[in-house]
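Read through the structure below, which is laid out as structure tokens, and then see the notes.
Residue numbers (the numbering used here): 6 to 139.
Structural data, given as structure tokens:
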């Protein structure tokens, strides 16, 4: 194979990969229904989702919310960030065995990569995200 044909093959593969890229949501995705959650997981099977399971009455959830938002600002180009209100979506919480909130799930193609229970600090979450990013 000549150098030109090798170069053409590399260009073709890069172009195909580029065309298959899906733009990640730029905002935190608020999941409203189990169907919406399923659609989100199916739309981005190759991307890691970072999901905050929370409730309005949960004080630790409220203290974790700004941390989650800050992490989204910093890592939104690498991960899909989503929030699931467990009171509005108990079926989703039950599916993933969420028994305490806040809980942050790291999912890829619907499979749990890690479950982090509790309102953890910014640095702890940053370390986790950096591990999954690499």
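Even glycine gets a Cβ: it sits at the ideal position worked out from N, Cα and C.
Local Cβ density within 10 Å of residue i, reported as buried at 16 or more and exposed below that
i: residue 12; result: exposed
i: residue 85; result: buried
i: residue 18; result: exposed
i: residue 91; result: buried
i: residue 46; result: buried
Chain E within 7 Å of residue i, Cβ atoms only
i: residue 112; result: Included in the structure is just one protein chain, with no chain E present.
Cross-strand partners of residue i (DSSP beta bridge)
i: residue 143; result: Outside the shown range of the chain (6 to 139) lies residue 143, about which nothing can therefore be said.
i: residue 36; result: 89
As assigned by DSSP and simplified to three states, the class of residue i
i: residue 29; result: coil
i: residue 139; result: coil
i: residue 10; result: helix
Touch test, the region 63-79 against the region 35-47, Cβ-Cβ under 8 Å, three pairs minimum: no
Ordered list of alpha helix (DSSP H) runs contained in the region 57-85, each at least 4 residues: 64-80
Cβ contact check for the region 41-58 and the region 103-120: 3 or more pairs under 8 Å: yes
Inside the region 87-127 only - alpha helix (DSSP H) runs reaching at least 4 residues: Given a length threshold of 4 residues, each whole run of the alpha helix (DSSP H) inside the region 87-127 is given here in chain order: 95-100.
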